[in-house]
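The sequence shown maps to residues 1 to 261 in full-length UniProt numbering. All C-beta atoms in this analysis are idealised placements derived from N, C-alpha and C, irrespective of residue type, glycine included.
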Amino acid sequence: MTVNYGLQGKTVLITGAAGGIGSALSRAFLAQGARLMLLDRAAAPLDALVESLHSSQVHSAVCDLGSDAAVAAVAAQVQERFGQLDVLVNNAGTEYPTPLADAEAGFMARWTGLLDNNVSSMVRLTQALLPLLPRGASVINQSSIWGRIGVAGFSAYSASKHAVVGLTRSLALELGPRGIRVNAVCPGWVRTEAAMRSLTAMATESGRSEAEVEREILARQAVPKMLTPDELAGVFLFLASEGATPLTGQCLVASHGEVMA
1 MTVNYGLQGK
11 TVLITGAAGG
21 IGSALSRAFL
31 AQGARLMLLD
41 RAAAPLDALV
51 ESLHSSQVHS
61 AVCDLGSDAA
71 VAAVAAQVQE
81 RFGQLDVLVN
91 NAGTEYPTPL
101 ADAEAGFMAR
111 WTGLLDNNVS
121 SMVRLTQALL
131 PLLPRGASVI
141 NQSSIWGRIG
151 VAGFSAYSAS
161 KHAVVGLTRS
171 LALELGPRGI
181 RVNAVCPGWV
191 RTEAAMRSLT
201 AMATESGRSE
211 AEVEREILAR
221 QAVPKMLTPD
231 ELAGVFLFLA
241 SEGATPLTGQ
251 CLVASHGEVM
261 A
């Protein structure tokens, strides 16, 4: 049975739309009758996603969220096409290991670059779109259970996701008087290409097989299975809906019980 979240006709912008979670979010919001603005920095996967959705309700733009000019151009497009934005999903991000034992040149550039990609980009886009967010709008930020715990070898990624949690709580207080809700989702292990690359890196670092590492991960969960992007999408739909109006400044953990908060 399909749940109706009351999003018919709402305008939704999703960043990182061409990735595993982003594409699932795009399909889920479109199925609810929302109008979509999809952003990604990779043109070919974004075009393929838009083509697969087969809908006049879907619009897209290739955008480097690290560029003030590119973000301003997207904000102008949203204003011209839709007039306002009801739901902003800050989903875009990147993930790679940053062990302190890494002595290669450019380590700090990679470390700080990950924070810029995962956190500063959210601030830049949210600030640019703020004039278009009406009372009742919902901002949903993508964090991670690694934003609630520490993880050896992934200090930059974990720090960035902790920062997203702090950003979410601060913006909830700042934007609450304007009637705008700001929440975050902290997923556990979702079977995406990015997550599987991290699993591979953890296996390589520990000298174990990927199967062993996955078994160890699943053993920490109350429900021992990997999440799918489609399962995770329901959490975002709920946070965007009027059913979640009491929630702001919250970071919903979706991890099959690996982290209980």
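Ile14 is bridged by DSSP to Leu38, Val89.
By the neighbour-count definition (other C-beta atoms within 10 Å, threshold 16), Val223 is an exposed residue. In the DSSP assignment, Ala254 is bridged to Pro187.
For Ile217, there is no enclosing beta strand (DSSP E); the residue is part of the alpha helix (DSSP H) that begins and ends at 210-219. Note on geometry: alpha-carbon atoms of Gly33 and Gly207 lie some 48 angstroms from one another. The residue from Glu205, Leu49, Ser255, Gly179 with its alpha-carbon nearest to that of Val185 is Ser255. Per DSSP, reduced to three states, the secondary structure at Ile21 is helical. Bounds of the alpha helix (DSSP H) holding Ser155 are 155-175. Contact between Ala61 and Gln84 does not hold, since their C-beta atoms are separated by about 17 angstroms, which reaches or exceeds 8 angstroms. In the three-state reduction of the DSSP assignment, Asn117 falls in the helix class. Taking one beta carbon from each stretch, the region 230-249 and the region 124-135 have fewer than 3 pairs nearer than 8 angstroms; the two do not touch. Contact annotation, Thr126 with Phe82: C-beta distance approximately 16 angstroms; criterion of less than 8 angstroms not satisfied.
Within 10 angstroms of the beta-carbon of Ala75 lie 16 or more other beta-carbons, which makes it buried. Across the structure, Arg181 and Val253 are spaced so that their CA atoms are roughly 17 angstroms apart.
DSSP places Ser198 inside the alpha helix (DSSP H), whose first and last residues are 193-206. A distance below 7 angstroms between beta-carbons, with the five flanking residues on each side excluded, links Ala244 to the following residues of its chain, in chain order: Phe238. Within the same chain, Cβ atoms closer than 6 angstroms to the Cβ of Met202 are found at Val213, the five residues on either side in sequence being excluded. Proximity of the region 10-24 to the region 86-97 meets the contact definition, three or more beta-carbon pairs being nearer than 8 angstroms. Sequence-distant partners of Leu30 (beyond 5 residues in either direction) whose C-beta falls short of 8 angstroms from its own C-beta, in its chain, are Leu36, Leu53, Ser55, Gln57, Val58. Taken through DSSP and simplified to helix, strand or coil, Ala48 comes out as helix. The DSSP-derived three-state label of Ala222 is coil. With a cutoff of 8 angstroms on beta-carbon distance, Thr248 and Gly176 are scored as near each other.
Counting every other CB atom within 10 Å of its CB across the protein chains shown gives Met122 a total of 16 or more, marking it as buried. Restricting attention to Asn183, Ser144, Ser138, Ala69, the CA atom closest to the CA of Val259 is found in Ser144. Around the beta carbon of Leu100, a 10 Å sphere encloses fewer than 16 other beta carbons of the protein chains shown; the residue is thus reported as exposed. Under the three-state reduction of DSSP, Ser26 is assigned to helix. Its chain contains Gly19, Gly20, Thr94, Glu95 as the residues whose beta carbon lies nearer than 8 angstroms to that of Ala194, once the 5 sequence neighbours on both sides are disregarded; these appear in chain order.
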